[in-house]
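Residue numbers 39 to 331, in our numbering, belong to the letters of the sequence shown in order. C-beta: ideal position from N, C-alpha, C; glycine also. Data first, discussion second: the structure below is written as structure tokens.
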Amino acid sequence: MGGGRVSAQPHSKAARAPRRLYRLVWVIPLIAIVVAGEIVVERVREWGPEITITFADGGGLRVGQTPIKYRGVQIGEVVDVDLAEDYRKVRVKARLKQSAAAIASEGAVFWIVRPQLTGADITGLATVLTGPEIQVLPGRGEQRKVFAGLDNPPAALEVQGVDVVVRAPRPKSLKPNSPVYYRGVEVGVVGKIELAPGAGAADIHLVIRRRFASLLRSGSVFWNAGGASLTGGLLKGVTLEVESLRALLVGGIEFASPPNSPPMKPGTVFVLYDAPRPEWLAWTPRITLPAAD
């Protein structure tokens with residue numbers, strides 16, 4: 039038998055395929071690491087200062103999920119929720135975007151938006167599925183890192199106008215953000231309600247928009263416009279009088295001013311009546327209003 043030498047055979051395509059697949063398996067994680075690194079770097083550049091907000095209740099707030107919004111745009115998110123040292127407040131830490139860092143300054147106002155009935159409809163309805171969100175009104179002073187959040191939406195804070203105080207034995211259905219009317223037109227809102235000096239009555243602070251400030255006169259009278267009233271009889275029928283659906287749900291105040299009455303003096307405290315007198319409704323003063331913005 040003659041001794042023969044076995045020559046090496048070239049690798050087939052089937053033999054090279056596993057090696058290519060093996061190399062590809064290592065390439066994919068490397069690409070993922072590079073992409074993840076770029077995302078982290080971009081996020082670090084995007085996020086700005088960390089702030090702390092205290093609330094009375096932090097129910098529903100979630101780390102990494104609850105957004106902070108201004109004008110419907112997310113400018114930050116909650117990064118930690120914990121009790122304050124005295125256990126009386128909830129301490130919420132949030133990270134703002136770098137582009138919104140200036141919003142966290144002296145005078146900024148934060149509040150939690152949850153579904154609630156505030157007028158003729160339900161506000162915060164979008165948060166039913168997504169959970170609560172924190173909204174903010176920017177400040178204008180020096181930058182700060184610690185803020186005291188509000189328990190209710192500060193609608194009255196957004197109204198720039200004249201402050202008026204009306205006093206009543208009880209505020210009845212009135213609450214912050216209840217509307218204020220003049221001849222059925224909404225001209226302001228209720229800002230806050232507190233006890234009067236001596237605690238013998240309730241002081242209701244109104245904010246009348248600047249455009250309608252000239253409607254306030256020394257002789258102005260205010261009455262409760264919330265709820266509904268029935269008038270009429272069996273022969274002429276019954277009429278249901280409601281100022282507005284919003285006033286029916288959250289209360290309201292209406293006022294009238296007599297002709298030729300001088301402008302309201304600063305610091306005047308008015309009386310809140312339960313209902314208007316017929317002569318008040320007949321007043322027709324001619325008061326010039328500035329043009330609408």
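With a cut-off of 8 Å on Cβ pairs, the segment 219-231 is not in contact with the segment 171-191, counting fewer than three such pairs. Looking at the DSSP output, R205 bridges to D241 and V309. In chain order, A294 place their CB closer than 8 Å to the CB of L319, counting only its own chain and leaving out the 5 sequence neighbours on each side. In this structure, P328 lies away from R247, with their beta-carbon atoms at least 7 Å apart. Between A140 and G179, the alpha-carbon positions lie close to 9 Å from each other. Counting along the chain, P316 sits inside the alpha helix (DSSP H) bounded by residues P316 to L319. When only Cα atoms are considered, S252 and E317 end up about 21 Å apart. With a cut-off of 8 Å on Cβ pairs, the segment 110-125 is not in contact with the segment 146-153, counting fewer than three such pairs.
Per DSSP, reduced to three states, the secondary structure at P301 is strand. Beyond the five residues adjoining it in sequence on each side, K107 comes within less than 6 Å, by CB distance, of E171 and Q173 in the same chain, given in chain order.
Secondary structure note for N262: its beta strand (DSSP E) is the uninterrupted segment V259 to N262. In the three-state reduction of the DSSP assignment, R133 falls in the strand class, which pools E and B. Per DSSP, I172 is one residue of the beta strand (DSSP E) stretching across E171 to L175.
In the structure shown, P323 falls within a coil segment according to DSSP collapsed to helix, strand and coil.
Under the 10 Å beta carbon count, P214 is surrounded by 16 or more other beta carbons and is classified as buried.
In this structure the segment 230-244 does not lie against the segment 294-304, because fewer than three pairs of beta carbons, one per stretch, are closer than 8 Å. Per DSSP, the continuous beta strand (DSSP E) segment holding P105 begins and ends at P105 to Y108.
By the criterion of a C-beta distance shorter than 7 Å, V119 is surrounded in its chain by G96, L99, V101, V128 and V130, once the five residues flanking it on both sides are discounted.
Boundaries of the beta strand (DSSP E) around P87: W85 to F93. Per DSSP, K127 lies in no beta strand (DSSP E) and is assigned neither H nor E.
For S137, the closest alpha carbon among the candidates R109, G289 and G86 is that of G86.
In the structure shown, S143 adopts extended strand secondary structure according to DSSP, grouped into three states. For Q181, no beta strand (DSSP E) encloses it, and the DSSP letter there is neither H nor E.
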